[in-house]
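Residue numbers (the working numbering): 2 to 92.
First up is the structure itself, then whatever we jot down about it.
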């Protein structure tokens, strides 16, 4: 009986290494965004870079990154309806 190891292909090894590097980049970008935030600054390029890299990592892990929000958030639409109802009643 011959025992053959179940070795991943070289492409899988490269992909795994690339994902690990992306995860490290995501973590460093998240730290940078939080440090900018703690200092009272908002640095959009860093936040966008973090969002982009986090989306790639989530895609590799078979998770949806972001669900697109509705055009008008439901709590705002409900609040507007309630306001109109109350405003009509007060006249």
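Ideal Cβ positions, reconstructed from N, Cα and C, are used throughout, including at glycine.
Remember, predicted model here, so these are calculated numbers, not experimental data.
Opening and closing residue of the alpha helix (DSSP H) in which residue i lies
| i | result |
| --- | --- |
| residue 20 | 11-39 |
| residue 46 | 45-61 |
Residue of the options minimising C-alpha distance to residue i
| i | options | result |
| --- | --- | --- |
| residue 62 | 12, 6 and 16 | 16 |
At least three beta-carbon pairs within less than 8 Å, the region 80-90 to the region 46-63: no
Quick one: any contact between the region 17-24 and the region 56-65, if contact means 3 or more CB pairs under 8 Å? yes
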